[in-house]
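Colleague: Heads up, the sequence shown is in the numbering used here, so the first residue is 93 and it goes up one at a time. We put the CB at the ideal spot given by N, CA and C, even for glycine.
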Amino acid sequence: MSRLIFLFAIAAVVYLLLKSYRRNVPEKKQDVAEDMVRCAHCGVHLPIGESVRSGDQFFCCADHLDAHQK
Ligand SMILES: [Zn+2]
93 MSRLIFLFAI
103 AAVVYLLLKS
113 YRRNVPEKKQ
123 DVAEDMVRCA
133 HCGVHLPIGE
143 SVRSGDQFFC
153 CADHLDAHQK
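See the structure below:
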């Protein structure tokens with residue numbers, strides 16, 4: 093019985109260590125991720141850096157910018 097408690101204690105310690113380790117790792121994804129914009133023509137979401145901008149509207153490509161303006 094005491095062996096079971098010992099194993100449970102080890103499992104708990106490992107779990108807590110993993111939990112605190114994850115918390116200490118900064119979430120870099122959020123920093124790297126650019127603002128997402130939506131193509132006003134087809135509705136696809138893309139990073140603002142890859143979008144084509146026209147006024148306050150964004151498009152996924154120049155074709156959709158042209159198509160939307162017609
Ligand atoms: Zn589009």
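If we define contact as Cβ-Cβ less than 8 Å, is residue 105 a contact residue for chain B?
Modeller: As a matter of chain content, chain B is missing from the structure shown, which is built from one protein chain.
Colleague: Does DSSP put residue 133 in a helix, in a strand, or in coil?
Modeller: Residue 133 sits at position 41 when you count from the first residue of the sequence shown. Coil at residue 133, not helix or strand.
Colleague: Helix, strand or coil: how does DSSP classify residue 143 here?
Modeller: Translated into positions along the sequence shown, residue 143 becomes position 51. Coil, per DSSP.
Colleague: I want to know whether the region 106-115 touches the region 128-139 - three or more CB-CB distances under 8 Å.
Modeller: Short answer: they don't touch.
Colleague: Comparing C-alpha positions only, which one of 135, 96, 161 and 131 sits nearest to residue 151?
Modeller: On the sequence shown, position 59 is the one that residue 151 refers to. Closest by alpha carbon: 131.
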